[in-house]
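Each remark here refers to the structure printed beneath this line.
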Amino acid sequence: MSFASISEKLDAGVPLSLDDGLALFREPDLLKLGALANQVRERLHGARATFNRNLHINPTNLCVASCKLCSFSRRSLDQPGAYVLSMAQAWDKLKARLDAGDRVTEVHVVGGLHESLPFDYYTELLAGLKRLQPTLHIKAFSAVEIFHFHKLFRLEVREVLQRLRAAGLDSLPGGGAEIFAPRVRQRICPNKCDAQEWLDVHRTAHHMGLRSNCTILYGTIETIEERVEHLLRLRALQDETGGFQALIPLAFHPDNNALAHLPAPSAIDDLRVFALARLVLHNIPHIKAYWVSLGIKTAQTALWFGADDLDGTVQEEKIYHLAGSGAPQSLAPAEIVRLIRAAGRTPVERDTLYNVVAEGDALLAEGYEIPVGVFR
Amino acid sequence: MSTGVATAAIQSPDLFVLGRAAQAAARAATGGRGFFACNVLVAASLPMLTEATGRGLRGLLRLAVPAEESLPQQERRLATLAEQVREGLVLDGVVPTPEEDCLGLATLLFVARCRLALREVPHVLVDLDRLGPKLGQLALGFGADELCGSIVQKRALRLGDNAGSRVLTRAEAAQLLRGAGLSPFERVAGGGLEEFAP
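Structural data, given as structure tokens:
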């Protein structure tokens with residue numbers, strides 16, 4: 038499969054095949070691949086690059102899964118760093134932001150698979166966040182956590198989602214997909230739900246009218262075939278439901294976990310995954326460069342290699358920082374705007390559902406300055 | 171590559187035009203080889219450079235990449251240095267070094283412009299301590315051809331206090347070069363080059 042014929046398929050709107058994806062992954066010229074992905078990215082989004090004002094809350098790191106790729110989880114409370122947030126502690130994180138005048142629009146809640154916290158803990162957690170800020174969008178609990186609730190509380194997945202939704206859940210994050218290939222899953226996260234179960238949770242959520250994101254974790258032991266197959270399975274579900282908003286490629290970080298002997302993926306690998314994702318996933322609108330995972334500099338560069346979103350202000354991210362992320366704990370909106378403008382892109386603040394919150398003069402009005410020497 | 175083509179690429183508003191031109195110029199200059207060195211001395215100023223080369227050391231000059239420098243300012247700075255090299259300044263390589271708040275893309279673009287504007291200078295180096303391995307490797311696709319910084323024989327696992335260490339082993343440095351499509355060569359004592367076998 039030649040590069041030219043793949044380019045023609047893209048122009049004609051023909052979905053790329055597994056062989057096309059493999060050919061693109063094997064393309065040695067990263068800039069050639071990037072330029073192609075950038076064409077598609079600009080066709081979809083022009084120069085716009087979005088971000089939001091969000092807050093991460095990780096209620097607990099106690100987890101029964103023991104995934105080798107994870108630096109965040111602890112098995113028991115007597116282990117160093119193990120914790121379970123009380124309701125007040127979790128709510129105070131949001132309250133502190135609101136009291137400081139921060140117009141946070143989203144709370145992202147993910148945590149470990151706790152073996153005994155009651156279901157009320159999770160519903161009350163969400164309800165309390167909503168009480169603090171009724172307009173807040175709560176994006177909470179990966180499909181892996183939803184499946185864990187299903188098993189632990191003996192409730193159908195739909196019932197779990199309905200109860201959480203009644204408590205305030207608005208959408209699902211995309212975590213836990215890792216790599217769908219059973220060979221890889223068995224070795225890096227054998228106790229998590231399997232690929233079909235992960236996809237079924239999202240399918241159920243989509244059928245209930247909930248939107249969600251999806252992810253791919255790259256850089257452990259997967260092959261490029263397994264990467265492309267993973268993307269194609271996401272694309273197939275999106276064809277069926279249309280419920281995914283964004284793909285977030287997540288770079289593996291090897292610090293402080295059982296895979297510490299593996300090297301972190303290189304930046305060339307990072308950008309290759311972003312470009313490929315943009316080209317293969319024609320039906321998923323957004324590709325998100327999660328700066329905590331990529332590092333700020335690579336995330337900024339990814340805005341030219343298929344990505345159109347930088348995630349958000351974040352604040353107090355734990356999962357990637359324990360795995361060695363050198364990125365800061367949070368970015369101010371002005372810093373994200375500067376990052377985007379310096380990349381020659383047009384910053385747009387969005388909400389979780391990608392509705393525009395502020396752009397153009399509305400961003401300028403808040404005192405953002407355009408750096409000198411902006412490229413393009 | 172003619173001067174006109176290089177100038178057009180430097181001034182291009184398209185990231186990919188500039189990057190590919192710089193990459194082609196680097197490949198032409200080095201024959202697809204990439205280099206790394208465990209210990210290098212980099213002069214921070216022209217007087218230091220002159221003193222170093224006067225003592226027989228390799229002539230390497232650090233070039234700051236300010237966050238807020240316009241393209242015309244950058245072009246003038248590089249054109250002045252190119253003129254000094256043509257007039258006899260001994261310079262084997264430049265080391266673009268981003269200032270504190272300089273972002274990733276600005277660094278990559280400056281690397282590419284160095285390659286295209288300083289065609290009499292054989293090497294554009296990446297300081298891994300300043301750029302980190304990720305941006306450093308990307309720079310190899312934008313005209314850089316050599317890695318320097320904290321490159322060691324053996325490094326402890328990135329656990330506990332060593333988590334987040336930026337130190338690379340020689341094998342990892344070579345892997346970064348290979349990943350960028352370059353054949354790795356190590357600079358050894360006496361100014362020699364040795365191909366680094368996997």
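Keeping their order, the protein sequence lines are chains A and B.
Just so we're on the same page, our numbering is the position in the first sequence counted from 1, plus 37.
Just so we're on the same page, our numbering is the position in the second sequence counted from 1, plus 170.
Quick reminder that beta carbons are idealized off the backbone N, C-alpha and C, glycines included.
Computed from a prediction, not measured in an experiment: that's the story for all the values here.
| Asked | Found |
| --- | --- |
| Simplified DSSP state of B/K304, which is helix, strand or coil | helix |
| Cβ neighbours of B/D262 in the same chain (closer than 8 Å, five flanking residues each side left out) | R228, G229, L230, V291, P292 and H293 |
| Through-space distance from A/P370 to A/V409, alpha-carbon basis | Only weak support is given to the placement of A/V409: the predicted model assigns it a pLDDT of 39, under 50, and the question is left unresolved by the model. |
| Against chain B: residues of the stretch 57 to 75 of chain A by CB proximity under 9 Å | P65, D66, L67, L68, K69, G71, A72 and N75 |
| Reduced DSSP category for B/R247 - H, G, I as helix; E, B as strand; rest coil | helix |
| Chain B within 7 Å of A/K334, Cβ atoms only | yes |
| CB contact check: B/R190 to chain A, cutoff 7 Å | yes |
| Residues within the stretch 349 to 361 of chain B neighbouring chain A, beta-carbon criterion of under 9 Å | G349, A350 and G351 |
| Touching by the beta-carbon criterion (3+ pairs, under 8 Å), the stretch 69 to 89 of chain A and the stretch 286 to 300 of chain A | no |
| CB contact check: A/T338 to chain B, cutoff 7 Å | yes |
| Buried versus exposed, by CB contacts within 10 Å (16 or more), B/P303 | buried |
| Exposure label - A/K325; buried when at least 16 CB within 10 Å | buried |
| Under 8 Å from the C-beta of A/P300: neighbouring residues of chain B | E342 and Q345 |
| Neighbourhood of A/L53 by C-beta, 7 Å cutoff - its chain only, sequence neighbours within 5 removed | I43, K46, L316 and V317 |
| Length-filtered (3 minimum) beta strand (DSSP E) runs lying within the stretch 91 to 157 of chain A | 91 to 94 and 143 to 146 |
| Cβ contact check for the stretch 302 to 313 of chain A and the stretch 56 to 70 of chain A: 3 or more pairs under 8 Å | yes |
| Any chain E beta carbon closer than 7 Å to B/Q307 | Included in the structure are the protein chains A and B, with no chain E among them. |
| Distance CB(B/E269)-CB(B/P236) smaller than 7 Å | yes |
| B/F116 - containing beta strand (DSSP E), residue span | An answer regarding residue 116 of chain B cannot be provided, because it is not within the stretch 171 to 368 covered by chain B. |
| Under 8 Å by beta carbon: chain A residues contacting B/Q193 | L68 |
| One or two residues paired with A/Y255 in a DSSP bridge | A/A288 |
| Contact list for B/L233 against chain A, beta-carbon separation under 8 Å | None at all; the shortest Cβ gap to chain A is about 15 Å. |
| Outcome for A/G213 when other beta-carbon atoms lying within 10 angstroms are tallied against a minimum of 16 | buried |
| Proximity winner among A/A297, A/L114, A/R272 and A/F217, relative to A/E259 (alpha-carbon distances) | A/F217 |
| Residue burial classification, A/P210 (beta-carbon count within 10 angstroms, cutoff 16) | buried |
| A/A380 versus A/A301: straight-line alpha-carbon distance, rounded | 25 Å |
| Distance between A/R80 and A/A49 (C-alpha atoms, nearest Å) | 13 Å |
| Length of the line joining the Cα atoms of A/T335 and A/R191 | 43 Å |
| Residues bridged to A/E386 (per DSSP) | A/F88 and A/A395 |
| Residues bridged to B/A234 (per DSSP) | B/T267 |
| Any alpha helix (DSSP H) of 4 or more consecutive residues that is wholly inside the stretch 156 to 200 of chain A | 156 to 169 and 180 to 189 |
| 7 Å Cβ cutoff met for B/G189 and B/A282 | yes |
| Presumed contact (8 Å Cβ cut-off) between B/V322 and B/L310, rounded CB distance | Actually they are not in contact, since the Cβ atoms of B/V322 and B/L310 sit about 20 Å apart, beyond 8 Å. |
| Simplified DSSP state of A/K325, which is helix, strand or coil | strand |
| Continuous alpha helix (DSSP H) stretch holding A/L73: start and end | L67 to H82 |
| Where A/L376 meets chain B, residues with beta-carbon distance less than 7 Å | L273 |
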